[in-house]
Structure formats: structure tokens, C-alpha cells
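Q: Please read through the structure below; I'll follow up with questions.
Protein chains in written order, with the numbering used here: chain A, 1 to 345; chain B, 346 to 685.
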């Protein structure tokens with residue numbers, strides 16, 4: 001047994017390629033990465049989007065295969081990448097032998113950098129000998145995440161360019177919000193699920209976009225609970241949001257007819273908005289860089305007079321810069337109609 | 346069993362031959378399992394890697410991924426089957442599985458709480474272990490306070506109650522968990538999996554399982570007597586309460602330590618003792634080792650399937666149920682043959 005342990009310990013020592021670089025990730029871990037990173041395994045859906053945006057040719061697969069309506073919005077060769085599962089949490093779906101067979105230069109996870117994930121990253125790195133980088137997935141950290149990833153993937157210019165773009169968008173919104181006192185901001189409810197009765201509490205990663213874009217999340221209990229919660233119709237009536245955002249077409253389809261929802265301010269004034277979800281959700285699902293598109297969209301919805309932007313041009317530019325696709329007029333039209341409440345399904 | 350009786354002639358292979366044969370089959374199975382995996386390696390490459398002569402990638406696959414996993418499957422399978430056999434003898438009921446006293450529900454709650462609090466992996470496993478032990482401790486404590494003549498029935502009922510409570514708390518945490526990071530991890534844990542298991546995970550569980558097996562082996566005669574019923578056991582001079590407590594403690598220790606390692610793996614502890622009983626009869630001295638050997642082989646086969654049949658990992662709990670459930674129905678259809 002001792003011999004076995006010694007042997008394992010020896011194996012765990014990284015046998016470094018001749019030229020390696022050092023990257024400090026968001027968790028403060030120092031990770032040696034090869035000089036040229038040509039293949040990357042994304043540990044989960046948020047990471048896959050980040051890697052796809054940064055350097056699509058390095059992505060080795062999607063955590064889950066793309067759905068038909070999503071495929072048009074991913075550049076040609078990459079929409080056919082295989083499904084590889086995810087390494088999120090103890091005993092994820094990804095098979096480590098398959099990960100090794102892909103022989104990625106790097107594994108990237110984008111999201112929580114709490115203890116469980118730090119530990120998991122260390123374990124997988126030791127077990128497979130593949131460097132594993134953790135990047136903090138909070139919205140405010142987006143520019144930093146882009147810079148770290150650009151550095152790690154050997155495309156620092158692209159990382160910097162995108163980070164500057166994100167910072168500019170953040171700054172434009174913050175400039176608007178300076179003149180809008182807290183109590184005048186829209187009271188927004190994020191409706192999830194077919195009943196619309198699932199929501200994210202203020203401070204959860206799923207609703208960060210509401211505060212970022214200058215709304216107030218009505219699901220706020222002062223920070224006692226975080227994450228997604230199930231709520232009741234009665235509570236929705238009590239908080240009476242003036243704006244509702246959802247991506248669920250079923251909920252969107254019924255909310256204007258369901259008698260229970262008719263008393264809600266947002267429904268009476270028609271301020272219920274459906275977010276497109278192709279290739280990824282605009283406001284969430286998953287919480288990754290795709291939320292930048294939602295930020296642009298929602299800024300126009302919440303501050304139509306102050307926000308300088310044309311959704312048509314902004315969408316085209318965003319899909320080009322981030323998703324590497326030149327939208328045809330037809331594809332762009334489908335997205336805009338979707339954002340106006342007519343999903344293509 | 347068989348003490349002083351010369352009339353019982355059983356047409357069963359001698360136990361030593363049987364356990365020897367099973368051990369040999371198990372070794373062969375384990376060797377085959379190390380050869381099989383999604384990362385394609387020829388038998389020659391596998392052997393070279395085993396001997397430390399392969400290329401680096403192959404050695405990582407064999408030593409860091411496959412060997413720990415095969416070892417874990419053997420350990421977990423053997424432990425669950427041994428614990429199942431003990432509980433079935435203790436409760437004189439063939440429908441009993443190791444989670445009858447709330448072990449799985451308690452361990453599940455402990456692990457889910459650990460995942461929810463974003464603890465490191467080792468702490469999640471420790472939390473699962475503590476959860477399982479506390480649940481069963483609580484069950485035995487409450488049962489000892491309830492005045493009821495049928496101790497066994499009381500234990501089982503309170504086990505159901507505590508299990509339901511722990512299940513409710515688990516559901517609450519699932520509702521509150523982060524859907525992207527934590528919920529998939531929780532779901533996977535509750536279905537059981539040996540994916541990404543490392544040698545460091547197995548090392549703490551191994552001695553605990555062995556420590557739990559010793560009293561079970563030593564108490565084999567008393568466990569046989571217990572399975573005749575409390576009255577008869579007392580008449581034969583067995584201290585029923587203390588023996589029952591020891592068996593529960595040992596079997597719980599075994600179950601909890603492997604549940605903390607692998608998550609909730611159902612069916613093994615229920616089905617395997619039946620197969621063992623068909624082979625060697627209900628005598629606990631023979632039932633225990635044979636159950637453990639068959640359990641180890643069964644889980645090894647199931648886990649090898651789990652890591653090879655699909656592009657992604659299939660949770661163990663799903664496969665053990667899909668294979669175990671029809672088999673169990675078939676066993677029931679054959680009648681009560683094999684149960685003393």
C-alpha cells in the first residue's frame with residue numbers, strides 16, 4: 001500500500017512540458033498551463049459559452065448537445081461539436097476517461113469559486129494531470145474573467161477587447177443609473193417555470209442582471225435566502241411587480257389570459273417581456289457571458305428614453321463580436337420577434 | 346446450524362470451495378474491469394501501465410482512474426451486501442435492505458447539506474457519514490424509549506419515520522440549492538456514483554468497513570439464533586438486546602461509510618443476500634462471506650457498465666435498480682425458496 005501511495009504521489013507531480021506558463025485563477029490557485037493551448041474542456045455550460053466566445057476552435061465539446069433552434073446562432077463547424085457532459089460537483093456526468101481521451105490542454109470551469117469547486121478542481125487536476133482553471137462567474141467579474149481566460153488561452157488581445165466592450169456597456173448603464181434614485185427604479189420579477197412561480201432571490205446568480213441593469217428584484221427577503229425559490233401567486237400579488245421578465249414561452253403565452261395574473265401591474269401595463277434563448281438565454285440560463293445581450297436588451301426596456309441604442313444593430317453586433325455569426329436578416333428578424341413575444345416554436 | 350444433527354444432508358458445494366471459486370471469479374472480473382474503459386488501451390498497454398512501464402497518459406488512466414474505481418466498486422458492493430445480509434437476518438425479513446433504519450436518508454441529508462454549504466469533498470463525505478450515523482443513532486434511541494413488546498417492529502417503524510423526516514429536509518435543501526452548480530451535484534450524489542473517485546476517498550472507508558465486519562463475523566452464531574425469534578433466542582441464552590445493538594451498530598457503520606463514499610446505491614443490499622442464500626442457505630457464517638463476494642462482483646459489473654455504456658456517466662442507482670428490480674421480482678415469483 002505504501003508503495004502504491006508513493007507511486008500515486010509521484011504521478012500527481014505535474015510533468016511539465018518544456019515551455020509552460022503560470023496563470024493565477026479567480027480562486028487564487030496558481031496553475032501551470034502549456035504555452036500553446038489548443039484544446040479546452042469546458043466543465044459546465046457557463047464555461048462552454050465563455051470558451052466558445054473567447055476561442056471557439058479550442059472548444060472540444062458542448063456539455064449538452066445544441067437544440068435545433070439554437071444551432072443557427074452558433075458558427076458552422078462548432079455547432080456540431082460532440083456532447084461531453086459536465087464535471088460539475090462530486091460525481092458529475094463527464095467520464096474522466098473520456099476527458100483524458102479528448103486530451104485537452106486545459107479544463108475550465110466558470111461559476112462558483114467556493115470551497116467545493118476549488119477542491120474539485122484540485123482533485124481532477126491531480127487525478128488527470130490536466131491543468132484546471134476556475135473562473136469566478138459573478139456578473140461584475142465578467143471583464144476580469146475575460147482577461148484571465150484570454151491570458152490562459154493565449155489570446156490576450158481578444159480577452160482585452162471583449163473586457164473593454166463589457167466595461168463600456170457596464171459604464172453606460174451606470175451613467176444612466178446615477179440620475180435614477182433607488183425608489184424610482186422598476187420593480188422587476190423574474191418568472192421561471194411554466195407557472196411563472198419560480199424566481200431567483202435578490203443576490204442569486206440567476207437574477208444578478210436585474211440589479212445590474214437598474215431594476216429592483218421584488219423577490220427580496222433581505223438576503224436570508226439565496227438562489228432559486230418557489231413562490232406563490234399570493235406573494236406575487238403582494239409584491240405586485242411593474243415589470244416581469246421570463247424566458248418561458250408557456251408562461252408568457254398564458255400570463256395575459258390567466259385571471260390570477262390580471263391584477264398585477266406589469267400585466268395590466270403590458271410590461272411582461274419574453275427573453276430569446278438562442279443560442280443561449282439572454283438574461284440567464286446559463287449565467288455566463290450570454291447575459292451581456294440581455295443587459296443591452298433590458299436597458300432599452302427599462303430606460304427607453306435614456307438608453308442610446310438600436311436593438312437591431314446592437315444584436316447584430318453582439319452576435320458577430322461574441323458568437324462569431326453574421327446573422328442573416330431572417331435570423332435577426334426571428335430573434336427580434338422572439339424578444340417582442342413571438343417565439344419561433 | 347447443523348450442530349449435533351447428522352441427518353441434514355445439503356446438496357450444496359462445500360463453503361470453502363464456493364468462497365474460493367467466487368474469490369477467483371472476482372479477481373478475474375476485477376482484472377477484466379481494469380482492461381475495459383472508454384479510453385482505448387490494448388491489453389498490452391494496460392499491462393505495461395499496471396507495471397509502471399506504460400506512457401504517462403495510460404498510467405494516469407489505469408492508476409488514477411480505473412484502479413481506484415474498481416477498488417471502490419468492490420468495497421462498496423461487498424459492504425452493502427454484507428450489511429444487507431445482517432439486517433435481513435436480524436429483522437427476520439427478506440425484504441429488508443441496509444437503509445431500513447434510515448442510514449441512506451441520513452447520509453443523503455448529510456451530504457446534501459455539505460454540498461449546499463459548498464464544503465470541500467472530504468468534508469461532504471464526513472458530513473454524509475455523520476448524517477447516517479446520527480440518523481440510526483436517533484432511531485435506536487427513540488425505539489429504546491418506546492414501550493412496545495415487538496422491538497423489531499418498533500425499530501423499523503421509527504426508521505421509516507426518521508427516514509421520511511431526513512428526506513423532507515433533503516428536499517428542502519434541494520429547493521434552495523443553486524440550480525447550476527449544486528443541484529446537479531446533489532441529484533448525482535443521491536443516485537450514487539463512483540465517478541471521479543480517488544484513492545484518498547477509499548482509504549478512510551476501508552478500515553471502517555473492516556472494523557464493522559469483525560463483530561458480524563464473530564457474532565455469526567448469535568445472529569443465527571436471533572433469526573429464530575427473540576423468545577427462542579433468549580431461551581438459548583443469547584442476550585437479545587445487546588446482540589441486536591451490536592449487529593445494528595456494525596452493519597450501520599459499514600453501510601454509512603460506503604454510502605459516504607459512493608452516494609446512495611440501492612438494491613445491492615436487498616437482492617444480493619437472496620442470491621447468496623440460494624447458494625449456501627441461511628446460516629450466517631456462510632451467508633456473510635458469500636454475500637460480500639457476490640455483492641462485490643455485482644457492483645463491479647454494474648459500475649463497469651455505468652462508465653462504459655454511454656458517452657457520459659450513468660448514475661449507479663439507476664443501473665442497480667434497472668437490473669435489480671426485475672431480478673427481484675423473478676426471485677419472488679420463485680417463492681420463498683432459500684429463506685429458512
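Ideal Cβ placement from N, Cα and C applies to all residues, glycine included.
May I ask which residues mark the beginning and end of the beta strand (DSSP E) holding residue 206 (chain A)?
A: To locate residue 206 (chain A), count along the first chain from 1; it is residue 206. That residue, residue 206 (chain A), is in no beta strand (DSSP E); it is neither H nor E in DSSP.
Q: Which same chain residues, not among the five before or five after residue 673 (chain B), have their C-beta less than 8 Å away from its C-beta?
A: Walking along the second chain from the start, residue 673 (chain B) turns up at place 328. If we look at residue 673 (chain B) and ignore the five residues flanking it on each side, its Cβ neighbours are 612, 615, 616 and 619.
Q: Tell me whether the segment 151 to 168 of chain A and the segment 20 to 39 of chain A touch, counting them as touching only if at least three CB pairs, one residue from each stretch, are closer than 8 Å.
A: Yes: at least three Cβ pairs fall under 8 Å.
Q: Leaving aside the five residues before and after residue 469 (chain B) along the sequence, list all residues of the same chain whose C-beta is less than 7 Å from its C-beta, in chain order.
A: What you label residue 469 (chain B) is simply residue 124 of the second chain in a count that begins at 1. Closer than 7 Å at the Cβ level, and outside the excluded window around residue 469 (chain B), lie 456, 459 and 460.
Q: Suppose you measure from the CA of residue 255 (chain A) to the CA of residue 261 (chain A); what does that come to, to the nearest Å?
A: Position 255 of the first chain, counted from the first residue, corresponds to residue 255 (chain A). Position 261 of the first chain, counted from the first residue, corresponds to residue 261 (chain A). Distance between the alpha carbons of residue 255 (chain A) and residue 261 (chain A): 6 Å.
Q: So residue 204 (chain A) and residue 463 (chain B) are supposed to be a Cβ contact under 8 Å. How far apart are they, rounded?
A: Within the first chain, numbered from 1, the residue matching residue 204 (chain A) stands at position 204. Within the second chain, numbered from 1, the residue matching residue 463 (chain B) stands at position 118. The pair is not a contact, with the Cβ atoms about 14 Å apart (cut-off 8 Å).
Q: To which residues of the same chain is residue 213 (chain A) closer than 7 Å at the C-beta, ignoring the five residues directly before and after it?
A: By one-based count along the first chain, residue 213 (chain A) stands at place 213. Within the same chain, residue 213 (chain A) has close Cβ partners 173, 295, 298, 299 and 302.
Q: Do the segment 412 to 429 of chain B and the segment 533 to 547 of chain B make contact, defined as three or more Cβ pairs closer than 8 Å?
A: Yes, the segment 412 to 429 of chain B touches the segment 533 to 547 of chain B.
Q: Please list, in chain order, all residues of the same chain as residue 574 (chain B) whose beta carbon is under 8 Å from its beta carbon, the five residues on each side excluded.
A: Numbered from 1 along the second chain, position 229 holds the residue referred to as residue 574 (chain B). For residue 574 (chain B), where only same-chain residues beyond five positions count, the Cβ hits under 8 Å are 437.
Q: With a Cβ-Cβ cutoff of 8 Å, do residue 117 (chain A) and residue 106 (chain A) count as a contact?
A: Along the first chain, one-based indexing puts residue 117 (chain A) at 117. Along the first chain, one-based indexing puts residue 106 (chain A) at 106. Cβ atoms of residue 117 (chain A) and residue 106 (chain A): not closer than 8 Å.
Q: Residues in the segment 95 to 118 of chain A with C-beta within 8 Å of chain B's C-beta atoms, listed in sequence order?
A: Cβ contacts with chain B: 95, 96, 97, 98, 100, 101, 103, 111, 112, 114, 115, 116, 117 and 118.
Q: Residues of chain B with CB closer than 8 Å to the CB of residue 83 (chain A), please, in chain order.
A: The residue given as residue 83 (chain A) occupies position 83 in the first chain. Under the 8 Å cutoff, chain B gives 656 and 657.
Q: Could you tell me if residue 201 (chain A) is buried or exposed, where buried requires 16 or more neighbouring beta carbons within 10 angstroms of its beta carbon?
A: The residue given as residue 201 (chain A) occupies position 201 in the first chain. Buried is the call here.
Q: Take residue 446 (chain B) and list the residues in its own chain whose beta-carbon comes closer than 6 Å to its own, dropping the five residues that flank it on each side.
A: Within the second chain, residue 446 (chain B) is the residue found at index 101, counting from 1. If we look at residue 446 (chain B) and ignore the five residues flanking it on each side, its Cβ neighbours are 481, 484 and 504.
Q: Measuring CB atoms only, is the segment 647 to 662 of chain B touching the segment 526 to 542 of chain B, in the sense that at least three cross pairs come out at less than 8 Å?
A: The segment 647 to 662 of chain B, when compared against the segment 526 to 542 of chain B, does touch it at the 8 Å Cβ threshold.
Q: According to DSSP, is residue 30 (chain A) part of a helix, a strand, or is it coil?
A: Reading the first chain from its first residue, position 30 is the one you call residue 30 (chain A). Correct three-state label for residue 30 (chain A): strand.
Q: Quick one: grab the DSSP three-state call for residue 230 (chain A).
A: Translated into the one-based positions of the first chain, residue 230 (chain A) becomes position 230. Three-state DSSP puts residue 230 (chain A) in a strand.
Q: Can you list, in chain order, the residues of its chain whose CB lies under 8 Å from that of residue 198 (chain A), leaving out five sequence neighbours each side?
A: Stepping through the first chain from its first residue, residue 198 (chain A) is reached at position 198. These residues qualify, in order along the chain: 191, 192, 228, 229, 230 and 231.
Q: Mapping DSSP to helix, strand and coil, what is residue 138 (chain A)?
A: Your numbering for residue 138 (chain A) matches position 138 in the first chain. Three-state result, residue 138 (chain A): coil.
Q: Output the distance between the C-alpha atoms of residue 603 (chain B) and residue 195 (chain A), rounded to the nearest integer angstrom.
A: Stepping through the second chain from its first residue, residue 603 (chain B) is reached at position 258. Stepping through the first chain from its first residue, residue 195 (chain A) is reached at position 195. Their Cα atoms are separated by approximately 40 Å.
Q: For the ligand SAM, is there a heavy atom less than 7 Å away from the beta-carbon of residue 180 (chain A)?
A: This structure does not include the ligand SAM; it has no bound ligands of any sort.
Q: Between residue 58 (chain A) and residue 663 (chain B), what straight-line distance do the alpha-carbon atoms span, to the nearest angstrom?
A: Stepping through the first chain from its first residue, residue 58 (chain A) is reached at position 58. Stepping through the second chain from its first residue, residue 663 (chain B) is reached at position 318. Straight-line Cα distance between these residues: approximately 34 Å.
Q: Just by C-beta distance, which residues in the segment 185 to 205 of chain A are closer than 8 Å to chain B?
A: Within the segment 185 to 205 of chain A, the residues whose Cβ lies closer than 8 Å to some Cβ of chain B are 204 and 205, listed in chain order.
Q: Among B:632, B:422, B:522 and B:665, whose alpha-carbon lies nearest the alpha-carbon of residue 554 (chain B)?
A: Walking along the second chain from the start, residue 554 (chain B) turns up at place 209. If we check each option's Cα against that of residue 554 (chain B), B:422 comes out closest.
Q: Which residues mark the beginning and the end of the beta strand (DSSP E) in which residue 577 (chain B) is found?
A: Taking the first residue of the second chain as position 1, residue 577 (chain B) is located at position 232. Careful: residue 577 (chain B) lies outside any beta strand (DSSP E), inside the alpha helix (DSSP H) at 575 to 580.
Q: Spell out a yes or no on whether the segment 517 to 532 of chain B and the segment 635 to 648 of chain B are touching, meaning 3 or more CB-CB pairs, one atom from each, closer than 8 Å.
A: No: fewer than three Cβ pairs fall under 8 Å.
Q: Out of curiosity, what's the CA-to-CA distance linking residue 669 (chain B) and residue 430 (chain B)?
A: Numbered from 1 along the second chain, position 324 holds the residue referred to as residue 669 (chain B). Numbered from 1 along the second chain, position 85 holds the residue referred to as residue 430 (chain B). Cα to Cα, the separation comes out at about 16 Å.
Q: Would you mind reading off the limits of the alpha helix (DSSP H) that contains residue 503 (chain B)?
A: Locating residue 503 (chain B) in the second chain gives position 158, counting from the first residue. Segment 496 to 521, the alpha helix (DSSP H) holding residue 503 (chain B).
Q: Taking 6 Å as the limit between beta carbons, can you name the residues of its chain near residue 304 (chain B), skipping five residues before and five after?
A: Limits of chain B in this structure are 346 at one end and 685 at the other, which puts residue 304 (chain B) out of reach.
Q: Interface residues of chain A around residue 463 (chain B) at Cβ under 8 Å?
A: Taking the second chain and counting its residues from 1, the one referred to as residue 463 (chain B) is at position 118. Simply 112, 114, 115, 116 and 117.
Q: Report yes if the C-beta distance between residue 338 (chain A) and residue 274 (chain A) is below 8 Å; otherwise report no.
A: One-based indexing of the first chain puts residue 338 (chain A) at position 338. One-based indexing of the first chain puts residue 274 (chain A) at position 274. The answer is yes: Cβ separation under 8 Å.
Q: Are three or more beta carbon pairs between the segment 380 to 387 of chain B and the segment 57 to 73 of chain A nearer than 8 Å?
A: No: fewer than three Cβ pairs fall under 8 Å.
Q: Residue range of the beta strand (DSSP E) that residue 273 (chain A) falls in?
A: Counting from 1 along the first chain, the entry for residue 273 (chain A) is found at position 273. Element bounds for residue 273 (chain A): 272 to 274.
Q: Rounding to the nearest angstrom, what Cα-Cα distance links residue 249 (chain A) and residue 328 (chain A) in this structure?
A: Numbered from its first residue, the first chain carries residue 249 (chain A) at position 249. Numbered from its first residue, the first chain carries residue 328 (chain A) at position 328. Computed Cα separation, rounded: 24 Å.
Q: Using a C-beta to C-beta distance shorter than 8 Å, which residues of chain A count as neighbours of residue 543 (chain B)?
A: Residue numbering aside, residue 543 (chain B) sits at position 198 when the second chain is read from its first letter. What residue 543 (chain B) touches in chain A: 123, 126 and 127.
Q: For the beta strand (DSSP E) containing residue 187 (chain A), name the first residue and the last one.
A: Counting from one through the first chain, the residue named residue 187 (chain A) turns up at place 187. Looking at the DSSP string, the run of the beta strand (DSSP E) that includes residue 187 (chain A) is 186 to 191.
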